[in-house]
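Asker: These protein sequences, in sequence, are chains A, B, C and D.
Numbering of the first sequence is given in our numbering, commencing with residue 1 and proceeding in unit increments.
Numbering of the second sequence is given in our numbering, commencing with residue 1001 and proceeding in unit increments.
Numbering of the third sequence is given in our numbering, commencing with residue 2001 and proceeding in unit increments.
Numbering of the fourth sequence is given in our numbering, commencing with residue 3001 and proceeding in unit increments.
We treat Cβ as the ideally placed atom computed from N, Cα and C, and that holds for glycine.
4 protein chains.
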Amino acid sequence: MKNTAVLLIDCPDRRGLVARVAGLLFEHGANILHADQHQDHDLGLFFMRVEFAIGPADGAPLEESRGGDAARAGAFDGNFDLEGFRTAFAPLARELAMRWQLSSTARKPRVALFCSQYLHCMADLLYRWRTGELACEIPVIVSNHREVEKLAGFYGIPFECVPATAATRTEAEALELALLEGHRIELVVLARYMQILSPAFVQRYPAAIINVHHSFLPAFTGARPYHAAHARGVKLIGATSHYVTEVLDDGPIIEQDVARISHRDQVEDLVARGRDLERMVLSRAVRWHLDRRILCYGNKTVVFD
Amino acid sequence: MKNTAVLLIDCPDRRGLVARVAGLLFEHGANILHADQHQDHDLGLFFMRVEFAIGPADGAPLEESRGGDAARAGAFDGNFDLEGFRTAFAPLARELAMRWQLSSTARKPRVALFCSQYLHCMADLLYRWRTGELACEIPVIVSNHREVEKLAGFYGIPFECVPATAATRTEAEALELALLEGHRIELVVLARYMQILSPAFVQRYPAAIINVHHSFLPAFTGARPYHAAHARGVKLIGATSHYVTEVLDDGPIIEQDVARISHRDQVEDLVARGRDLERMVLSRAVRWHLDRRILCYGNKTVVFD
Amino acid sequence: MKNTAVLLIDCPDRRGLVARVAGLLFEHGANILHADQHQDHDLGLFFMRVEFAIGPADGAPLEESRGGDAARAGAFDGNFDLEGFRTAFAPLARELAMRWQLSSTARKPRVALFCSQYLHCMADLLYRWRTGELACEIPVIVSNHREVEKLAGFYGIPFECVPATAATRTEAEALELALLEGHRIELVVLARYMQILSPAFVQRYPAAIINVHHSFLPAFTGARPYHAAHARGVKLIGATSHYVTEVLDDGPIIEQDVARISHRDQVEDLVARGRDLERMVLSRAVRWHLDRRILCYGNKTVVFD
Amino acid sequence: MKNTAVLLIDCPDRRGLVARVAGLLFEHGANILHADQHQDHDLGLFFMRVEFAIGPADGAPLEESRGGDAARAGAFDGNFDLEGFRTAFAPLARELAMRWQLSSTARKPRVALFCSQYLHCMADLLYRWRTGELACEIPVIVSNHREVEKLAGFYGIPFECVPATAATRTEAEALELALLEGHRIELVVLARYMQILSPAFVQRYPAAIINVHHSFLPAFTGARPYHAAHARGVKLIGATSHYVTEVLDDGPIIEQDVARISHRDQVEDLVARGRDLERMVLSRAVRWHLDRRILCYGNKTVVFD
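Shown next, in the form of structure tokens:
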């Protein structure tokens, strides 16, 4: 298992940012494993992600991994003083007007999964979580249907059924928000959850609700995008994962992918192929979020690979 | 060189269509090389493409082709009576309410290429034409700019400059239509031609004007799609080739393709990457049209591969 | 649910084949829903797949399907006499030296799934089976490990643990073959089963054992292909599903796919990305096999889409 | 036009590298536009690319570029003292055992293009060069055939025909090397040049000869890879650009891409589709090399995007 910390920064661009940040990390003895940065020259913004070792790597090797080598990669001789660095970094961050977060990758974010009756994304996320691909806690699964109950049970995750209709939407959201708060949820994943969240709900989790839309946004927003794609006669279909904002299907895009179709494919075929796309773009988005690879700004994302 | 004919059919679906068509071809001694068909069950339509030998194949082998084998593939011992078959097929076609075309692939359609100042698609089409990948005659290149003149000269194709502004659009189109008529043009290819054609012009060439739009339609219709894609923060950009109808960017889609981009890519990068996509989707569309692989119906295409 | 039959044919190519087959289907009143054919001109072979309605379509609409329309697509007014057609077709098939199979799609092939300790392909196949994407019976899951037991239990499928080492391989295969026979298995799917099957085993199931190899064959045959890919510094990794023959990693390829990697990706990353590729290429191969879309000849496949 | 410099570094990994380099750039007042780095933890190596402004950006905006904004992006108020920085950097580089290069992007590398009779890659590279996509000088085109002469003439580039057979290979190479030296060539691009270069030739241009091989290496090395791919029945074909080393088709891979094929595609179709792949992977490799984005180590490349 990795024993690292990630520092994520965005701030107004200015000269010497990298030198200042790298210098401070160096002074504290950090062993940088990955570093990536980005400038938006139009907006004058700077983005940075640094991952560094904070202690000896540990744990069983992955399938076919190189054992000793892989372990060595994250090696650290001693323990990095993460809190000491945090204290030292704060004044620099203030001076440079940074938004920043610094967190140990050992601390797993707490995630709630929402779904409706289609379970392909849910089943995929749960399998990836079980195999360690998604480094998070999943204290609760929420659905307005009961289809997911058995699957939740198989993975030993508490399931909460919160029925929702247009009439009961406000009440249902209050219940859901109480659940999220009770479970101290940090990220909400809408795995084909077919209810539209209210602005009030969305505002409680800024850049912390990930949705999958079954089209190549901004084409085919709204309901039944595979029907719309079939009607338009497109030659590729797509899926999009994005952060949820108050405007439907309009939040910052995290990932998109497409698949080739032909005149032979009926709506049913598009739906079936789309399921694979949805799984891929949603699981990638969740993984990148959990790995602290994503920064949001304006209506866009920076995804450090 | 292939010595084949292609029969393209669309008609109301009914039982026995394949048997009737295949039976007639068999009676006339056709050696079928490729056959493909499609039903649109929703609309009750039937589509078919049959390619068959009409004489001995001939000509130099392609790069690395198998020489004798390749020649043998299209072999035909004797000459198929294409006109005799046409005469025999007509009553069947009438009976079954077919739209159909039957043509020798040796007869090369006459194509006019239009462009404005960006020449990447034009240069690509001309190179493919020169190497035999596009089986057509190109009697004329038309542009509202002069940039293409030298390139046209290199390939020995007459160039006509027809300047067009909003004020002179009607007049310019009259000139262009006269050119097309004079050259007996059967297909117009808009290789990044930045003028909008009038409905009157479009109606003269139904399903015979191919355009390339530099986005993944129906996303980002209209002007400056790469700017729009950059502003929206998409993770893939696309290009679309389609038949031109009276509604801008709305005609039947022939081909689409996409390329992955990231937050690092500025509008300039999107433009550069898009050029490769545009070349690919436009050249494929033109090739498929020339090879009689495309059938239009409603606002869609069937593309037999 | 579809109520159709599929006729799969391969035979020496000769004129009039389509006319003969289509004619016979027409005489028997078949309503052809899909037909596709292929000629290998080098080898002089002809391949054909015809799917036709044999009774009224039935069952609940799929997600977002068009309800009445979708039902109508496969509609058949009355019942096709499948056995009568079979009897009538046999002499034609003999005359034309055809290998052929004719089967109702309602009859679900019986499939055995094999795996070792990595379960991603198994989990994926089982989920797709549960949702109806894979139309088969799965009477048994076989593994030389116990990891799959719980998953098999969740899906209610009997699990048989057959440990195998080099020393006990013969004995183990005898046990496996008895299981396959006992369950009247028609297709064996090796979902990352890490044992090499003996020629004797393979010969019992010609073109009926599907394996997934975690490389883009023929590159990186044998063990640890992700390590080999990493060592070679390739920019894309791949996965391949294929029928198993007596020569390791050499059977007819059914499907391949690739994913882009970069210098940032370590072996662990290749393994993780590869899992998604493996799932995709294996599940597609199994689906196409079950849908009677694949014909093997020589060391190749024809896959009718 | 960009007015920037690029610093490329590789060296043994150790703590504080980024801080040292970034600190020195900061002291000299560099305005960093892009920075990227990579560690190979297995080999303990560090790689870095930094691009920074060295003077005011200048020149006409690209197609659809944002004019003022784009100009502003590379703006620099004053002139960076590149030679002063070089002098200051040298002792740091020595201390840290760096291999490094520092160059102004305004200085265009001198490139020789080699080809044989197939011109698709050559035509593509020349068009991209003409439009500014490839920032280099092309003082000479060399071929063992005459097919390219007219094309070279159109672009105004001197053409040298150096016939080569097995018997005259040594002599021909001597002639070629003299040409390269006379033109002070820094990069040799083999645009489907079908002669095998001798080890002596290759050693003169380490990591400075780029070749395109028409397969997805390491599959199908050697001659006639499309035939081999067709015979093996693969479902995707590929192309690979790589640096040339003394071992045929074995040098560090720069870029690869693939295209889907089917049983319908004959060798001729593979050749035709492959041409597009070859163009793409070769032109990308050349562009990345010219943009100083590639570092070679062992038998691999780091490509900073």
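So, with DSSP's three-state summary, where would you put R72(A)?
Answerer: Here the model assigns R72(A) a pLDDT of 40, short of 50, so the residue's position is not dependable and the matter cannot be decided.
Asker: Closer than 8 Å is the cut-off here; do at least three beta carbon pairs connect the stretch 2012 to 2019 of chain C with the stretch 1279 to 1292 of chain B?
Answerer: no
Asker: My output table needs one value for M2048(C): the three-state DSSP class, helix, strand or coil.
Answerer: strand
Asker: Of the residues that make up the stretch 1095 to 1122 of chain B, which ones have a beta carbon closer than 9 Å to any beta carbon in chain D?
Answerer: Q1117, Y1118, L1119, H1120
Asker: Give the C-beta separation of L197(A) and T221(A) to the nearest angstrom, bearing in mind that I take them to be a contact with Cβ-Cβ under 8 Å.
Answerer: Incorrect: roughly 16 Å between the Cβ atoms, too far for contact.
Asker: Along the stretch 1020 to 1041 of chain B, where does the CB come closer than 9 Å to a CB of chain C? Name the residues.
Answerer: Look at the stretch 1020 to 1041 of chain B: the residues with a C-beta under 9 Å from a C-beta of chain C are R1020, V1021, A1022, G1023, L1024, L1025, F1026, E1027, G1029, A1030, N1031, I1032, L1033, H1034, A1035, D1036, Q1037, H1038, Q1039, H1041.
Asker: DSSP beta-bridge partners for C136(A)?
Answerer: DSSP output for C136(A) lists no bridge partner at all.
Asker: What residues in the stretch 2244 to 2257 of chain C have a beta carbon less than 7 Å from any beta carbon of chain D?
Answerer: P2252, I2253, E2255, Q2256
Asker: Can you name the residues of chain C whose CB is closer than 8 Å to the CB of R1015(B)?
Answerer: Residues of chain C passing the Cβ test: F2026, G2029, A2030, N2031, I2032.
Asker: So, under 8 Å CB-CB, E2176(C) and P2109(C) are touching, yes? Tell me the CB distance rounded to an integer number of Å.
Answerer: The pair is not a contact, with the Cβ atoms about 18 Å apart (cut-off 8 Å).
Asker: Quick one: using the 10 Å Cβ neighbour count with 16 as the cut-off for buried, is N2211(C) buried or exposed?
Answerer: With 16 or more other Cβ atoms within 10 Å, it is buried.
Asker: In three-state terms, what does DSSP make of P3012(D)?
Answerer: strand
Asker: Check whether chain D comes within 8 Å of G59(A), counting only Cβ atoms and requiring the distance to be less than that.
Answerer: Note on G59(A): pLDDT 47, under 50, position unreliable in the model; the coordinate value appears next. By this cut-off, G59(A) is not an interface position.
Asker: Between the Cα of V2018(C) and the Cα atoms of T2245(C), A2239(C), Q2256(C), L2092(C), which residue gives the shortest distance?
Answerer: L2092(C)
Asker: How would you call E51(A), buried or exposed, if buried means at least 16 neighbouring beta carbons within 10 angstroms?
Answerer: buried
Asker: Given 8 Å as the limit, is there contact between the stretch 2126 to 2135 of chain C and the stretch 2200 to 2215 of chain C, that is, 3 or more CB pairs closer than that?
Answerer: no
Asker: Looking only at C-alpha atoms, which of S2116(C), S2215(C), Y2297(C), L2282(C) sits nearest to R2260(C)?
Answerer: Measuring from the Cα of R2260(C), the nearest candidate turns out to be S2215(C).
Asker: Would you report the Cα separation of F304(A) and V2244(C), rounded to the nearest angstrom?
Answerer: Near 40 Å, if we compare the C-alpha coordinates of V2244(C) and F304(A).
Asker: Closest Cβ-Cβ distance between V3018(D) and chain A: below 8 Å?
Answerer: Yes - at least one Cβ of chain A is within 8 Å of the one on V3018(D).
Asker: What residues in its chain sit with their C-beta under 7 Å from that of R2086(C), if we drop five residues either side in the sequence?
Answerer: Annotation for R2086(C): L2102 place their beta carbon closer than 7 Å to its own, counting only its chain and skipping 5 residues before and after.
Asker: Mind checking E3255(D): buried by the 16 CB within 10 Å criterion, or exposed?
Answerer: With a 10 Å radius around the Cβ and a threshold of 16 neighbouring Cβ atoms, E3255(D) comes out buried.
Asker: Mind reading off the beta-carbon distance from F80(A) to A191(A)? Whole number of angstroms is fine, and I expect it under 8 Å.
Answerer: In fact, because the Cβ distance is near 36 Å, the residues do not count as touching under 8 Å.
Asker: What do you reckon, are the CB atoms on R279(A) and D124(A) nearer than 8 Å?
Answerer: yes
Asker: Given a threshold of 16 other Cβ atoms within 10 Å of its Cβ, counted over all protein chains shown, does A3174(D) qualify as buried or as exposed?
Answerer: Flag for A3174(D) reads exposed.
Asker: Quick check on DSSP: helix, strand or coil for L1187(B)?
Answerer: strand
Asker: Which first and last residues belong to the alpha helix (DSSP H) in which V1244(B) is found?
Answerer: That residue, V1244(B), is in no alpha helix (DSSP H); it is neither H nor E in DSSP.
Asker: Could you check if A97(A) is buried or exposed, using at least 16 other CB atoms within 10 Å of its CB as the buried criterion?
Answerer: exposed
Asker: Return the chain-ordered ranges of every beta strand (DSSP E) run that is complete within the stretch 3018 to 3043 of chain D and spans a minimum of 3 residues.
Answerer: Listed in chain order, they are 3031 to 3040.
Asker: With DSSP collapsed to three states, give me the class of A1285(B).
Answerer: Correct three-state label for A1285(B): helix.
Asker: Counting only the same chain and skipping the five closest in sequence on each side, list residues whose C-beta sits under 7 Å from that of K2316(C).
Answerer: Chain C is shown only over 2001 to 2305; residue 2316(C) falls outside these bounds and no answer can be derived.
Asker: Where does the unbroken alpha helix (DSSP H) through A3093(D) begin, and where does it stop?
Answerer: Run containing A3093(D): 3082 to 3095, per the alpha helix (DSSP H) assignment.
Asker: Measuring straight from C-alpha to C-alpha, what distance separates I3054(D) and D257(A)?
Answerer: 38 Å
Asker: So what does E3160(D) bridge to, in DSSP terms?
Answerer: V3142(D)
Asker: DSSP on R3293(D), reduced to helix/strand/coil?
Answerer: coil
Asker: Please name the residue, chosen from K3002(D), L3008(D), N3003(D), that lies closest to I3294(D) on a Cα-to-Cα basis.
Answerer: L3008(D)
Asker: Around the Cβ of K2150(C), are there at least 16 other Cβ atoms within 10 angstroms (buried) or fewer (exposed)?
Answerer: So K2150(C) counts as exposed.
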